[in-house]
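Asker: Residue numbering for the sequence shown follows the working numbering, starting at 9 and increasing by one per position.
Ideal Cβ positions, reconstructed from N, Cα and C, are used throughout, including at glycine.
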Amino acid sequence: MVHLNRHKLSGTQQKALFSQLNQTLTKLSKEEPFGFLSELLGKEEQIMIAKRLAIVVLLIEEKSLYSISRTVKVSPSTAENIKRRLDSGHYTQLVAALCRNKKDYFAILDTLDNILHLGGILPHYNGLDRYRI
């Protein structure tokens, strides 16, 4: 679980920090983000972000909250909270980016499919063909 300091930043300070982070991320080459995020984020933070991304992808694929919570190993309330945020438009840029780059989208689905298969939850029926539009 991520621990936040009890001394909170003001709204302006937060905006300035997020702006700096965004500027730094946009200046990275295609190969740099993995190393950058690995160095910047702790293991728990990396897992949390990866799970959120997986939940959003599975929600786009219209999987049930129950299957999402079992697959990604989060509580049903976590999956439900992310679904609520997705439904209210909080992930519009993320969804647009995922839909814009189908190769990366299918790579995420393939990873999730492998997790399901290796975990014995679902068999490999048609591979990624079942996700094709």
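(1) Less than 9 Å between the C-beta atoms of Leu102 and Leu73, yes or no?
(2) Classify Gly128 as buried or exposed, calling it buried when 16 or more other Cβ atoms lie within 10 Å of its own Cβ.
(3) Pull up the distance between the alpha-carbon of Lys16 and that of Ala115, whole angstroms please.
(4) Identify whether Lys16 lies in helix, strand or coil by the three-state DSSP scheme.
(5) Cα-Cα, which of Ser75, Glu88, Arg92, Thr100 is closest to Asp121?
(6) Would you decide whether Leu66 is buried or exposed? Buried here means 16 or more other CB atoms lie within 10 Å of its CB.
(7) State yes or no: is the C-beta of Gln31 within less than 9 Å of the C-beta of Leu45?
(8) Ser75 by DSSP, collapsed to three states: which one?
(9) Nearest-angstrom Cα distance between Phe26 and Leu33?
(10) How big is the Cα-Cα spacing for Lys81 and Asp95?
Answerer: Concretely, from the data shown:
(1) Residue 102 sits at position 94 when you count from the first residue of the sequence shown. Residue 73 sits at position 65 when you count from the first residue of the sequence shown. For Leu102 and Leu73, no; Cβs fall outside 9 Å.
(2) By one-based count along the sequence shown, residue 128 stands at place 120. With a pLDDT of 49 at Gly128, under the threshold of 50, the modelled position of this residue cannot be trusted, and the question is left open.
(3) To locate residue 16, count along the sequence shown from 1; it is residue 8. To locate residue 115, count along the sequence shown from 1; it is residue 107. Rounded to the nearest angstrom, the two C-alpha atoms are 38 Å apart.
(4) Within the sequence shown, the letter at position 8 stands for residue 16. DSSP places Lys16 in coil when its eight states are reduced to three.
(5) As a working note, residue 121 is residue 113 in the sequence shown. Asp121 has its Cα closest to that of Ser75, out of Ser75, Glu88, Arg92, Thr100.
(6) Taking the first residue of the sequence shown as position 1, residue 66 is located at position 58. Buried, by the Cβ-count rule.
(7) Translated into the one-based positions of the sequence shown, residue 31 becomes position 23. Translated into the one-based positions of the sequence shown, residue 45 becomes position 37. No, Cβ-Cβ distance for Gln31 and Leu45 is not below 9 Å.
(8) Taking the sequence shown and counting its residues from 1, one reaches residue 75 at position 67. If DSSP states are grouped into helix, strand and coil, Ser75 belongs with the helices.
(9) Mapped onto the sequence shown, residue 26 falls at position 18. Mapped onto the sequence shown, residue 33 falls at position 25. If you take the alpha carbons of Phe26 and Leu33, they lie about 10 Å apart.
(10) Looking up residue 81 in the sequence shown gives position 73. Looking up residue 95 in the sequence shown gives position 87. In a straight line, the C-alpha of Lys81 is about 21 Å away from that of Asp95.
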